[in-house]
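Comments concern the structure below.
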Amino acid sequence: MFIPSLSGWVEFIPSLSGWVEFIPSLSGWVEFIPSLSGWVEFIPSLSGWVEFIPSLSGWAEFNPSLSGWAEFNPSLSGWEVFIPSLSGWELLVYSPPPICLMCPGDASMVEYFYGNVGNGKGEQHSRSSYLPLRSGLNRFLNDPPIGRSWCLMKDTEFTTSNHVFLGNIKQLRRQGKYITNSHPPITDKDMSKLQNCQALNPGTPTGLVQKVWFHLQLHLGQRGKEGNRQLKANSFLGKTDENGLRYATLAYNEATKNNLYPRERGRESKRGFIFEQPGNPLCPVA
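First residue of the sequence shown: 18, per this note's numbering; consecutive thereafter.
This is how it looks when you write it as structure tokens:
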């Protein structure tokens, strides 16, 4: 149905949202659909579609091909993108074009990313959290819906950006941000309290079950609770060492996140052991 309007004509077409209004524009056509924000304007683009919603800055452009959302603000010289991260989210400011429309010639944007990315507090990443950023960005650009088929690590267009990335890693190392802050080990005093508490009392059915799980996690749980439900009676072996002390260990080489080759030399020493404690009434192997 065509209805005269100030723009020349308006075409109303029934749709699930009630109606769709098409108006001629420089981009070919503009589709207006009622929404909670008043209106939503869809314009065709290389990324599939662009949604414009009124905002305090005049308008905001939301693009589904970006990780999270990107707001394009005409009052800023560039654009802002919020990317989810382990620390919550990260605010990155770039110059156009948007990263989803980037071509290899726009590799300077990747250099800017490597040089300015920070955590949710606006601070520098540690070396351990900075290292995965390049591979994460590489997956983001190559996975659907972007699907660029690039390699940020090997393509010659990104040689300079890789120099920036490796230079930042060296700088973080010089600043002492390469040290991983692990949790301190349980002290002997605290371990004694745990071993003698009522919750781990082997004289009660509940205490016996909890004591068994405590020692399994303490000595054999290299990956936390992962794999606990797959444990069976034949998952364990009872052996004796050269000193005649009994010990328990896993009957197989448990896979780790960093090593997928269970037959590699030296892997047996990483299985974990529960040793006999002669004279200890709370011996886990008795």
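Quick reminder that beta carbons are idealized off the backbone N, C-alpha and C, glycines included.
Secondary structure note for lysine 187: its alpha helix (DSSP H) is the uninterrupted segment 176-191. Apart from sequence neighbours up to five positions away, the residues of its chain that approach lysine 194 with a beta-carbon distance below 6 angstroms are Ser143, Arg144, ordered along the chain.
Where tyrosine 131 is concerned, the enclosing alpha helix (DSSP H) starts and stops at 125-133. Listed as beta-bridge partners of tyrosine 264 by DSSP are Lys256, Phe292. DSSP places arginine 165 outside both helix and strand once states are collapsed to three, so it counts as coil. Valine 302 and valine 226 have their alpha carbons spaced roughly 14 angstroms apart. Between the C-alpha atoms of leucine 183 and tyrosine 269 there is a straight-line separation of about 38 angstroms. The alpha-carbon of histidine 180 is positioned some 15 angstroms away from that of arginine 190. Per DSSP, serine 143 is not a residue of any alpha helix (DSSP H), being assigned neither H nor E. Taking a contact as a CB-CB distance under 8 angstroms, the pair asparagine 185 and tyrosine 264 does not count as one, their CB atoms being some 46 angstroms apart. If you draw a 10 Å sphere on the C-beta of isoleucine 291, you find 16 or more other C-beta atoms in it, and that means buried.
Leu267 is the residue among Asp258, Leu267, Pro219 whose C-alpha sits nearest the C-alpha of histidine 236. The beta carbon of arginine 165 sits closer than 7 angstroms to the beta carbons of Leu158, Asn159 from its chain, once the five residues preceding and following it are set aside; these are given in chain order. Comparing alpha carbon positions, the residue from Asn251, Pro219, Thr257 closest to cysteine 300 is Pro219. For glutamine 247 against glycine 289, the beta-carbon gap comes to about 16 angstroms, at or over 8 angstroms, which does not count as contact. Of the candidates Lys249, Glu128, Gln215, Glu128 places its Cα closest to the Cα of glutamate 174.
Note that the C-beta distance between leucine 217 and lysine 206 is not below 8 angstroms. Secondary structure at leucine 248: coil, using DSSP grouped into helix, strand and coil.
Excluding residues up to 5 positions away in sequence, Gln215, Ala216, Leu217, Asn218 lie with their Cβ nearer than 8 angstroms to the Cβ of glycine 224 in the same chain. If you ignore the 5 residues before and after leucine 254, its C-beta comes within less than 6 angstroms of the C-beta of Thr266, Ala268, all in its own chain and listed in chain order. A direct Cα-to-Cα measurement between leucine 150 and threonine 257 gives close to 46 angstroms. Taking the Cα positions, valine 134 is about 23 angstroms away from proline 162.
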